[in-house]
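These notes concern the structure reproduced below.
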Amino acid sequence: MDTSFLAERYTPVRTEVTEFDLEVQGTIPDWLDGRYVRNGPNPIAQVSPATYNWFTGDGMVHGVRIIGGRALWYRNRWVDSEVTSAGLGRRAPAERGRSALHGPSANTNVIGFAGRTLALVEGGLACAELSDDLDTIDVCDFGGTVSSGYSAHPVVDPLTGDMHAVSYHIGRGKTLRYSVIGGDGRLREKADVRVGGSPMVHAFSLTRDYAVVYDLPVTFDAASAAAASVPPPMRALAAAALNAVVGRVRIPHMVMNLFPNTAAGTFPYRWDPTYRPRVGLLPRAGGDIHWLDVDPCYVFHPVNAVSADRRVTVDLVVHDRVFDTDRTGPSEGRPRLERWHLDTSAGQFRREQLAEEHVEFPRYDERFTTARTHDCWLVGGTDDLAGEHHLFRAHADHGIVTRRDFGPCSAVGEFVFHPSSPAAPEGEGVVMGFVTDLAEEQTKLCLLDAQTLEDVATMTIPQRVPAGFHGNWLPSTT
1 MDTSFLAERY TPVRTEVTEF DLEVQGTIPD WLDGRYVRNG PNPIAQVSPA
51 TYNWFTGDGM VHGVRIIGGR ALWYRNRWVD SEVTSAGLGR RAPAERGRSA
101 LHGPSANTNV IGFAGRTLAL VEGGLACAEL SDDLDTIDVC DFGGTVSSGY
151 SAHPVVDPLT GDMHAVSYHI GRGKTLRYSV IGGDGRLREK ADVRVGGSPM
201 VHAFSLTRDY AVVYDLPVTF DAASAAAASV PPPMRALAAA ALNAVVGRVR
251 IPHMVMNLFP NTAAGTFPYR WDPTYRPRVG LLPRAGGDIH WLDVDPCYVF
301 HPVNAVSADR RVTVDLVVHD RVFDTDRTGP SEGRPRLERW HLDTSAGQFR
351 REQLAEEHVE FPRYDERFTT ARTHDCWLVG GTDDLAGEHH LFRAHADHGI
401 VTRRDFGPCS AVGEFVFHPS SPAAPEGEGV VMGFVTDLAE EQTKLCLLDA
451 QTLEDVATMT IPQRVPAGFH GNWLPSTT
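Quick note: the sequence shown, position 106, residue 106 per the UniProt record's numbering, numbers continuous.
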């Protein structure tokens, strides 16, 4: 059996579909008015299973419009870029000059902010603005205020409405970029954060006092980058040139725009056992970052974080290592839910495991970002990502307290939370996500009671939805 990230639950779909009046089982709550949207990789061209990395596939957004207890429509659309537009015969957005790099389209997350729907990606690639119907409008550069790519995992502070992010790309030398986008959708604040080289920083955490920066040992690999973008006779020279500058000096924007397109395929980051793993606490009010050494590991997805004085507590999913022996995806070891205690006044780092289960894709009630939360929802299963068919609710003090097994022939995606009303207590509402019956090749959007994980309603999707990354519920009022 082909176990690559192109088979089984990951098999790409080849068409864009629009379907109206979806079949609904159960009752959709009448307080749901908006769109459930989810992004993920779906390569438009044929790629090699031996070298294809899941993170490099062209972005495709899937969405369901819900209002008045009905599922009005389902749509899936490739996010337009030079690569996907060429394959679809569409006019590409004017990407060059407004992002640090160009290549596969934004494939990682899709959010609503400042009245816009945004498809997000990291590493300096171009993000995109989408229409309400999920068609690509243009490259997203926040009104011309951000010209070097963005992050796939920004965090909105519910107290201010500002969107914070930590971004990386190979042209920054030994720095990351911390930025704050205001409610008007424009850059309001930025600061460079010096790190040890050119690490992959998938996400960060936000507290009322700090931006928490994960400087961990997955770093740029020049040989892989050269193999993915230049002809074989030139690869050794290209790798040497990249090694001489990436993670060492800044590369001018005009030079970055001369880099060749990188189509879906090899991923230019890998596990680096020589890199010093650290976590930094960057004061939001300004000042120097405080670094703490941590154990070698990798964090894709924090849950929530809180701070008091010079101490931070953060729950997060931890991988022992990634992209070491398997370069096609994050499939090494058993990611687990942990709590990290970071104390810069004492110079101490302490970690504790919160659950035995293998988990990923944690989500929580984001109305309480930067405050203490109790519940989070995670996908989990067996020893690798291909075995995930459980949904868990974890309690901050008690570990896994509720579980839902969809069956071994099911593929369960990330579930996101939405409250039953703006003033509802934490965790009172529904969680929603795609679940695919692999035997029947049938996907449903499932609404579950957030506490019991029992069915509220399910909507039948007119085509199979491949396993993907992140999504959100976008209320019609935002």
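Even for Gly, the Cβ is constructed at its ideal location relative to N, Cα and C.
Can you tell me whether DSSP reads residue i as helix, strand or coil?
i, result
"G149", "coil"
"F368", "helix"
"W340", "strand"
"G87", "helix"
"T325", "coil"
"V245", "helix"
"G471", "strand"
"T477", "coil"
"A411", "strand"
"E8", "helix"
"G97", "Low confidence applies to G97: its pLDDT is 49, below 50, so where it sits in the model is not reliable, and the reading given next is rough at best. Coil, per DSSP."
"H234", "Note that residue 234 is Met in the sequence shown, not His. The answer is helix: DSSP assigns M234 an H, G or I state."
"W377", "strand"
"S205", "strand"
"E82", "helix"
"F55", "helix"
"A119", "strand"
"A225", "helix"
"residue 494", "Outside the shown range of the chain (1 to 478) lies residue 494, about which nothing can therefore be said."
"A191", "strand"
"R464", "coil"
Please state whether the Cβ-Cβ distance between residue i and residue j is less than 8 Å.
i, j, result
"P462", "Y74", "yes"
"V279", "V322", "no"
"C297", "P273", "no"
"V412", "E441", "no"
"T108", "L120", "yes"
"A114", "D184", "yes"
"H358", "G381", "yes"
"N39", "G471", "yes"
"M432", "V24", "no"
"S105", "D58", "yes"
"D437", "C409", "yes"
"R367", "P419", "yes"
"E356", "V317", "no"
"V312", "T207", "yes"
"P41", "G429", "no"
"L453", "R404", "yes"
According to DSSP, residue i sits in a beta bridge with which residue or residues?
i, result
"T18", "R75"
"H164", "V155 and V180"
"F434", "L445"
"Q46", "None, per the DSSP bridge assignment."
"Q353", "E338"
"I400", "A394"
"F417", "V431"
"L282", "A211"
Taking the beta strand (DSSP E) that residue i falls in, what are its first and last residues?
i, result
"Y210", "Y210 to D215"
"M459", "D455 to T460"
"L391", "H390 to H395"
"W271", "Y269 to W271"
"I66", "G59 to I67"
"N109", "N109 to F113"
"V13", "Where V13 is concerned, there is no enclosing beta strand (DSSP E), given that its DSSP letter is neither H nor E."
"R38", "G34 to P41"
For the ligand HEM, any of its heavy atoms closer than 7 Å to the Cβ of residue i?
i, result
"E360", "Looking for the ligand HEM in the displayed structure turns up nothing, as the structure carries no ligands at all."
Just list the beta strand (DSSP E) runs in the region 285-312, keeping only unbroken ones of 3 residues or longer that don't cross its boundaries, in chain order. 290-293 and 298-308
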